[in-house]
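The listed protein sequences derive, respectively, from chains A and B. Here my numbering is used: position 14 in the first sequence is 40, and no number is missing along the way. Here my numbering is used: position 23 in the second sequence is 60, and no number is missing along the way. Backbone N, C-alpha and C define an ideal beta-carbon position, used for all residues, glycine too. Just so we're clear, the structure is a prediction, and the values are computed from it rather than from any experiment. Encoded as structure tokens, the structure appears first; notes follow it.
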Amino acid sequence: DGGITQSPKYLFRKEGQNVTLSCEQNLNHDAMYWYRQDPGQGLRLIYYSQIVNDFQKGDIAEGYSVSREKKESFPLTVTSAQKNPTAFYLCASKEVRNQPQHFGDGTRLSIL
Amino acid sequence: ELKVEQNPLFLSMQEGKNYTIYCNYSTTSDRLYWYRQDPGKSLESLFVLLSNGAVKQEGRLMASLDTKARLSTLHITAAVHDLSATYFCAVGFLNYGGSQGNLIFGKGTKLSVKP
Numbered sequence: 027d028g029g030i031t032q033s034p035k036y037l038f039r040k041e042g043q044n045v046t047l048s049c050e051q052n053l054n055h056d057a058m059y060w061y062r063q064d065p066g067q068g069l070r071l072i073y074y075s076q077i078v079n080d081f082q083k084g085d086i087a088e089g090y091s092v093s094r095e096k097k098e099s100f101p102l103t104v105t106s107a108q109k110n111p112t113a114f115y116l117c118a119s120k121e122v123r124n125q126p127q128h129f130g131d132g133t134r135l136s137i138l
Numbered sequence: 038e039l040k041v042e043q044n045p046l047f048l049s050m051q052e053g054k055n056y057t058i059y060c061n062y063s064t065t066s067d068r069l070y071w072y073r074q075d076p077g078k079s080l081e082s083l084f085v086l087l088s089n090g091a092v093k094q095e096g097r098l099m100a101s102l103d104t105k106a107r108l109s110t111l112h113i114t115a116a117v118h119d120l121s122a123t124y125f126c127a128v129g130f131l132n133y134g135g136s137q138g139n140l141i142f143g144k145g146t147k148l149s150v151k152p
């Protein structure tokens, strides 16, 4: 079954720690995205990648970093510079321009 | 500024009633999507609207797009409890996000259908 797998489902970060959220897709999609969702809010774009070895900042990239070394993988690192990391993080991918984005099940990040 | 506004943000309905959710956007768009999200879950694609006058229907939900008014509607007919969820519209704006085109999401409409 094709889909997007995010792990872990729940993650806790200590003060000053970097944490990495995993996103893997087997849909053979070129474009991948990371969003942040806060309670009662829509999704806000953190980073996106349209092709392997290339990625661009979204609207709220500060305090985050990504890599895209393989087509199927787009991990997101939440660095210690992100002062308010508590949120629900969603990864998505898309095949071509007009197709809808497909979403993973999300990772809920909290601060210890 | 690129903006997507949904209203209402909260909607409490009785089963069997009809209602409409509105999605307004700020400037020219070539794509509009509706998604559903259950609590604590991922987003599920409902409709893709690509042209003026486009209408899509699935069960008790019908979505339409008026590009001249920069407005999409999601109409709910004879609501049932299973439709309780948060509904998001997402708009792809020309010249936002390169060749693939990124989306800007509305804040979502939390729908609660009561018996």
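Residue i versus the options, residue with shortest Cα-Cα distance
i               : options                         : result
Y124 of chain B : B:W71, B:M50 and B:Q51          : B:W71
D67 of chain B  : B:N89, B:F84 and B:Q94          : B:N89
N79 of chain A  : A:I86, A:E95, A:E88 and A:R70   : A:E95
A127 of chain B : B:R107, B:H118 and B:L120       : B:R107
S49 of chain B  : B:L98, B:T104, B:H118 and B:L80 : B:H118
T65 of chain B  : B:D103, B:K144 and B:S121       : B:D103
G68 of chain A  : B:F84, B:A100, B:L46 and B:S101 : B:L46
E38 of chain B  : B:G138, B:F130 and B:P152       : B:F130
N110 of chain A : A:K83, A:G42, A:K97 and A:P34   : A:G42
I77 of chain A  : A:Q32, A:E98, A:R62 and A:L116  : A:E98
Inter-residue spacing [alpha-carbon to alpha-carbon] between residue i and residue j
i               : j               : result
T133 of chain A : G28 of chain A  : 19 Å
F142 of chain B : Y62 of chain B  : 10 Å
V92 of chain A  : T105 of chain A : 11 Å
D85 of chain A  : K40 of chain A  : 25 Å
L138 of chain A : W60 of chain A  : 23 Å
A122 of chain B : L47 of chain A  : 26 Å
P101 of chain A : G134 of chain B : 20 Å
Y36 of chain A  : D131 of chain A : 11 Å
Q51 of chain A  : K147 of chain B : 29 Å
T103 of chain A : G53 of chain B  : 46 Å
P76 of chain B  : C49 of chain A  : 21 Å
R70 of chain A  : Q63 of chain A  : 7 Å
L120 of chain B : T31 of chain A  : 26 Å
Distance between beta carbons of residue j and residue i, contact taken as under 8 Å
i               : j               : result
Y74 of chain A  : F81 of chain A  : 7 Å
V150 of chain B : A116 of chain B : 5 Å
K144 of chain B : Q43 of chain B  : 6 Å
A118 of chain A : Q127 of chain A : 4 Å
L161 of chain B : L83 of chain B  : In the structure as shown, chain B begins at 38 and stops at 152. Residue 161 of chain B is therefore absent and cannot be evaluated.
L87 of chain B  : F129 of chain A : Actually they do not touch by this definition, with Cβ atoms about 20 Å apart.
Proximity test, residue i beta-carbon vs the ligand COA heavy atom, cut-off 7 Å
i              : result
V92 of chain B : Annotation note on the ligand COA: not contained in the displayed structure, which lists no ligands.
8 Å Cβ cutoff, residue i in contact with chain D
i              : result
L47 of chain A : Any reference to chain D falls outside this structure, whose protein chains are A and B.
Would you check if there are 3 or more beta carbon pairs closer than 8 Å linking the segment 107-121 of chain B to the segment 55-62 of chain B?
-> yes
Which residues, in chain order, does the segment 105-138 of chain A contribute to contact with chain B at a C-beta distance below 9 Å?
-> F114, L116, A118, K120, V122, R123, N124, Q125, P126, Q127, H128, F129, G130, D131, G132 and R134
Would the segment 51-58 of chain A and the segment 116-128 of chain A be scored as touching if the rule is three or more Cβ pairs under 8 Å?
-> yes
Scan the segment 66-78 of chain A for residues whose Cβ lies nearer than 9 Å to a Cβ of chain B and list them as they occur along the chain.
-> G66, Q67, G68, L69, R70, L71, Y74 and Q76
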